[in-house]
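**Q** Residue numbers (the working numbering): 675 to 995.
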Ligand SMILES: Nc1ncnc2c1ncn2[C@@H]1O[C@H](COP(=O)(O)OP(=O)(O)OP(=O)(O)O)[C@@H](O)[C@H]1O
Ligand SMILES: [Mg+2]
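(1) When the Cα of residue 800 is compared with those of 810, 936, 727 and 764, which residue comes out closest?
(2) According to DSSP, is residue 725 part of a helix, a strand, or is it coil?
(3) Is residue 817 close to ligand 1? I mean its beta-carbon at under 7 Å from any heavy atom of the ligand.
(4) Helix, strand or coil for residue 826, going by three-state DSSP, please let me know.
(5) What is the DSSP secondary structure of residue 938, reduced to helix, strand or coil?
(6) Mapping the DSSP letters down to three states, classify residue 906 as helix, strand or coil.
(7) If you drop the 5 nearest sequence neighbours on each side, which residues of the same chain put their C-beta closer than 7 Å to that of residue 979?
(8) I believe residue 703 touches residue 753 by the beta-carbon criterion, under 8 Å. Please report the beta-carbon distance rounded to the nearest angstrom.
(9) Let's see if you can read the secondary structure: which residues bound the alpha helix (DSSP H) around residue 912?
(10) How do the segment 872-881 and the segment 722-739 stand: do at least 3 beta-carbon pairs fall below 8 Å, yes or no?
(11) Which two residues bound the contiguous alpha helix (DSSP H) that contains residue 834?
(12) Would you be able to state if there are at least three C-beta pairs under 8 Å between the segment 825-839 and the segment 801-808?
(13) As a quick check of your reading: which residues have a C-beta less than 5 Å from at least one non-hydrogen atom of ligand 3, in chain order?
(14) Could you pull out every residue in the same chain whose Cβ sits closer than 7 Å to the Cβ of residue 701, ignoring the five residues on either side in sequence?
(15) Within this structure, are the beta carbons of residue 907 and residue 938 separated by less than 8 Å?
(16) What separation, rounded to the nearest whole angstrom, lies between the Cα atoms of residue 860 and residue 976?
(17) Let me know the alpha helix (DSSP H) ranges lying completely inside the segment 854-886, each 4 residues or longer, listed in chain order.
(18) Quick check on residue 964: buried or exposed, where buried means 16 or more other Cβ atoms within 10 Å of its Cβ?
(19) Which term fits residue 830, buried or exposed, when burial requires 16 or more other beta carbons within 10 angstroms of its beta carbon?
(20) Can you tell me where the alpha helix (DSSP H) with residue 695 in it begins and where it stops?
(21) Please confirm whether residue 823 and residue 776 have their CB atoms less than 8 Å apart.
(22) Flag residue 692 as yes when its Cβ comes closer than 7 Å to any non-hydrogen atom of ligand 2, and as no otherwise.
(23) Going straight from the alpha carbon of residue 925 to that of residue 889, what length do you get?
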């Protein structure tokens with residue numbers, strides 16, 4: 675388990691990471707999601723032992739960063755923001771070089787590991803190619819193979835899909851998911867859909883702080899609970915409409931909103947029942963419809979506005995947030 679408590683990092687007097695706490699369970703894929711400059715890279719560099727925090731603690735499997743830094747480093751594979759590859763080398767030669775540095779000296783063991791990595795990262799067809807000639811996506815795959823060389827328990831990837839085309843992104847995601855079946859993974863991204871598609875848990879960071887941290891499922895659920903119904907009616911006064919709407923359900927919060935036309939009244943209607951589900955929402959929709967149908971008013975608009983996770987992310991990471 676990775677346990678981060680009150681991690682803080684200053685560059686001179688600028689606070690890039692401000693009191694971040696996180697835990698990552700074994701086997702979990704955590705997405706560190708945040709806009710440019712949020713502090714993702716700085717956080718990952720501290721987690722991998724490359725930067726010392728100004729304060730706070732990092733514990734990995736009961737080992738203490740600062741005291742057992744080398745032991746922790748041996749548990750972690752790290753792919754930095756721009757993969758440090760030697761462009762004039764062949765993929766095979768580069769991986770051989772990495773393997774030797776990491777202490778895999780027996781050629782037979784190396785061959786076995788290369789076959790596994792080629793399979794895992796889809797490298798079989800490019801082993802004999804110069805790194806300089808590879809697409810960005812293929813270079814990233816070589817970078818992941820580098821990070822996974824010693825089969826570490828934990829893999830940390832800094833924006834692994836940044837600058838890739840959609841096909842390459844899908845390939846890298848698949849590799850991350852398949853590694854994630856057995857390993858703990860932390861990766862950073864500024865793309866919400868990426869975190870949503872791949873991660874078990876998402877920590878949203880902004881200006882060095884954690885502004886949300888939950889399982890992907892729960893974040894999605896709270897986003898959908900923030901949905902509401904927009905209703906516009908022609909015929910009644912605001913008070914008449916309010917009085918009728920109030921009789922539908924005690925758990926409704928009804929807010930009059932600005933109406934586009936003079937003869938029209940508009941409302942936002944939210945369920946205050948925190949367990950409300952999609953089917954209940956549909957039920958409220960139809961109850962509103964039936965109530966109004968019994969009057970001579972005209973429904974000009976009856977629509978469900980769902981607050982997507984995207985909106986929540988934008989709210990939490992606004993420039994002025
Ligand atoms: N070596 C440094 N010296 C001074 N300030 C730095 C340094 N590295 C980063 N910063 C600042 O710290 C803040 C966090 O930077 P960091 O690179 O951790 O963010 P990030 O979330 O990884 O951003 P990006 O999405 O652009 O990679 C930014 O405002 C950045 O300008
Ligand atoms: Mg970064």
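Every residue, glycine too, gets a C-beta built ideally from N, C-alpha and C.
**A** On the basis of the supplied data:
(1) 764
(2) coil
(3) no
(4) coil
(5) strand
(6) strand
(7) 901, 902 and 904
(8) Contact flag wrong, Cβ pair sits at about 14 Å.
(9) 912-920
(10) no
(11) Unbroken run through residue 834: none, as it is neither H nor E.
(12) no
(13) With respect to ligand 3, the structure shown offers nothing to examine, as its ligands consist of ligand 1 and ligand 2.
(14) 858
(15) yes
(16) 42 Å
(17) 866-872
(18) exposed
(19) buried
(20) Segment 688-698 is the beta strand (DSSP E) holding residue 695; no alpha helix (DSSP H) there.
(21) yes
(22) no
(23) 27 Å
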